[in-house]
Structures are given as structure tokens and as C-alpha cells.
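Quick note on our numbering: the sequence shown kicks off at 2 and runs consecutively.
To keep things clear, I will list the structure first and then write my remarks on it.
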Amino acid sequence: MRVVIVYESLFGNTRQVAEAIAEGVRAVAPEARVTCVRATEGNRDVAQGADLLAVGGPTHVCGLSSGFSRKLGVKAAQVAAAREAGHPLEPGAAGPGIRDWFMALPKATAGSLGAAFDTRTESLTADAAADGIASRLRRHGYELVAEPEGFVIEAAQGPLRRGERDRARAWGERLIRAAGELSRPDPPADQQADADHQAEAGLAHAGQQAHAGGQANGAQPNVNGARPMATGTLLPR
């Protein structure tokens with residue numbers, strides 16, 4: 002299975018989440034081919050042929066980042082505060098971002114699966130970036146394998162709240178399991194018909210055994226055709 006994770010990150014928080022998701026995927030499916038790439042480095046064809054595409058970015062103002070919101074985010078004072086806190090500016094932080102990347106993304110092929118995630122502050126209750134990402138994935142023809150997920154940062158520049166990286170790893174594990182279930186091919190029609198026939202034959206055989214057992218116990222139909230309960234029959238508890 003080929004898994005592609007595309008992310009946008011200003012101060013490294015969303016990158017850490019994306020990397021943790023990739024770790025979770027590899028933990029469950031070591032054979033999977035996992036690509037984890039920044040939106041600035043991922044060309045329009047990076048998702049081509051992916052069985053699962055996970056896309057994430059930071060929540061800015063009312064959803065996905067824009068050129069204006071990134072410009073505010075990388076002001077000198079913000080960058081200095083982030084560097085002092087151990088979160089230097091990420092390469093390519095000025096953009097383009099996820100919003101721009103989606104504009105060049107081709108339509109997905111049938112059966113392509115997707116997932117959306119973001120980073121956000123705990124106070125956010127609506128208009129998260131993951132919701133906008135999920136909508137764009139659907140419009141491009143991806144079937145979501147999970148509800149959009151958000152991972153909490155302590156302040157505008159980070160860090161991630163304690164335990165969020167582990168939660169992202171666990172989310173990656175759930176994603177690949179769900180993708181495996183959805184991408185599992187249905188059995189051929191003739192095999193399914195054989196299975197149905199065998200199930201019906203099994204039920205008929207069980208009914209014949211029950212009928213024979215009732216006669217051996219001496220139970221006889223009553224006038225309405227119903228068979229009285231034999232002595233000693235166990236009832237469901």
C-alpha cells in the first residue's frame with residue numbers, strides 16, 4: 002500500500018504530527034511505502050497512485066492558512082518568540098500552503114482514500130483547518146477513512162500539547178487499518194455464491210437435525226401444527 006502525507010508547517014508542530022502519523026502507519030504496515038512531504042515540496046503528481054492521502058496544516062483565523070495569514074505568522078517578533086521557545090521557522094513557511102497545493106491537485110482515481118488533520122489551539126471550537134481540508138479531499142474524489150482530526154498546540158508557535166504526538170501516532174495506526182479494510186477487494190461473484198449456498202445448506206441441515214431430534218423425543222404436532230416443547234428443553238438465559 003502506498004501512503005502519502007502532505008503537510009504545511011510554520012514552526013514545526015504540524016510537521017511533528019505528520020511524522021508521527023507516518024510512524025503509526027509503518028508500525029501497523031511495515032511493508033507500506035510512506036511518503037511524508039511538505040506542501041512546498043510536493044508537486045501536483047505526488048499523490049498520484051496513492052492508496053491513502055493524508056493532508057494536514059495549521060489552523061489560521063478561520064480555517065486553512067492564506068498568504069496573508071502566513072505573512073502575519075512569520076513577522077519578526079513571532080519568529081523571534083518561536084526561536085526562543087525552541088521552534089524555529091520551518092523551511093518554506095512563507096508558502097505556498099495547502100490551500101494552493103489543492104488547486105493543482107488532479108482528481109483522484111476511483112477508490113482513492115483520504116484523511117484530514119490539523120494543528121489548533123485548545124480554545125478553537127469551530128472553523129478548523131481539517132474541516133476545510135476534508136471538504137477539498139471529497140471534492141477531489143477521495144473517500145475519507147476517518148473524521149477530520151485536530152491536534153492541540155499550547156500557543157500560536159507551539160509546542161504540541163503533551164501526549165499529542167503519541168495520539169497522532171495512534172491515529173496513523175487507525176488510518177492504515179481502516180484503509181486496509183476499505184481497500185480489501187470483494188470476493189468474485191462465483192465465490193460469494195458458493196459461500197451463500199454453503200451457508201443455506203448448513204442451515205437446512207441444522208433444521209433437519211432439530212426435526213429428527215424432536216421426533217426421537219416423542220413430541221408430536223398439535224392441532225395447529227405447532228410442536229409442544231419437549232420436557233427438559235433449555236431456555237435462553
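Note that beta-carbon positions come from the ideal geometry of N, C-alpha and C, so glycine has one too.
6 Å Cβ shell around residue i - same chain, five flanking residues per side excluded
i	result
Pro149	Ala117, Ala131, Asp132, Ala135
Ala83	Phe12, Gln158
Asp167	none
Ala129	Thr60, Asp119, Arg121, Gly151
Cys63	Asp128
Arg137	Phe103
Reduced DSSP secondary structure (H/G/I, E/B, other) of residue i
i	result
Val5	strand
Arg162	coil
Glu85	helix
Leu114	strand
Ala1	The structure shown has nothing for residue 1, since the chain only spans 2 to 238.
Arg45	coil
Asp128	coil
Asp187	At Asp187, the pLDDT of 48 sits below 50, so the modelled position is not reliable; the number obtained from the coordinates is stated separately. Three-state DSSP puts Asp187 in coil, outside helix and strand.
Val26	helix
Gly226	At Gly226, the pLDDT of 41 sits below 50, so the modelled position is not reliable; the number obtained from the coordinates is stated separately. Coil.
Thr15	helix
Gly74	helix
Val304	As displayed, the chain neither begins before 2 nor continues past 238, which places residue 304 out of reach and without an answer.
Glu123	coil
Glu174	helix
Leu90	coil
Leu106	coil
Ala180	helix
Gly133	helix
Glu20	helix
Gly96	coil
Gly68	helix
Own chain partners of residue i with C-beta closer than 7 Å, once the 5 adjacent residues on each side are dropped
i	result
Arg45	Ala105, Leu106, Pro107
Ala19	Ile6, Tyr8, Cys37, Gly57
Tyr143	Leu54, Ala109, Ser113, Leu114, Gly115
Inter-residue spacing [alpha-carbon to alpha-carbon] between residue i and residue j
i	j	result
Arg39	Thr122	21 Å
Ala33	Asp101	28 Å
Leu65	Arg16	15 Å
Ala48	Leu54	7 Å
His141	Phe103	9 Å
Lys72	Pro59	14 Å
Glu85	Leu176	35 Å
Ser184	Ala81	46 Å
Pro31	Arg3	11 Å
Glu113	Ser67	Looking at the sequence itself, residue 113 is Ser, so the reference to Glu does not match. Taking the straight line joining both Cα atoms gives about 27 Å.
Ala95	Val75	7 Å
Glu42	Val35	15 Å
Ala77	Ala111	45 Å
Minimum Cβ-Cβ distance from residue i to chain C less than 8 Å
i	result
Asp128	No chain C appears in the structure shown, which is made up of a single protein chain.
Residues that residue i bridges to, as DSSP identifies them
i	result
Cys37	Ile6
Ile154	Thr122, Leu161
Glu144	Leu114
Residues of its chain near residue i, where Cβ-Cβ distance is below 8 Å and the 5 sequence neighbours each way are ignored
i	result
Glu174	Gly25, Val26, Ala28, Val29
Requested in this report: Could you tell me whether the segment 86-97 touches the segment 3-19, where touching means 3 or more Cβ pairs closer than 8 Å?
Outcome: yes
Query raised in the report: Is the segment 165-182 touching the segment 24-31, taking contact as three or more C-beta pairs under 8 Å?
Result: yes
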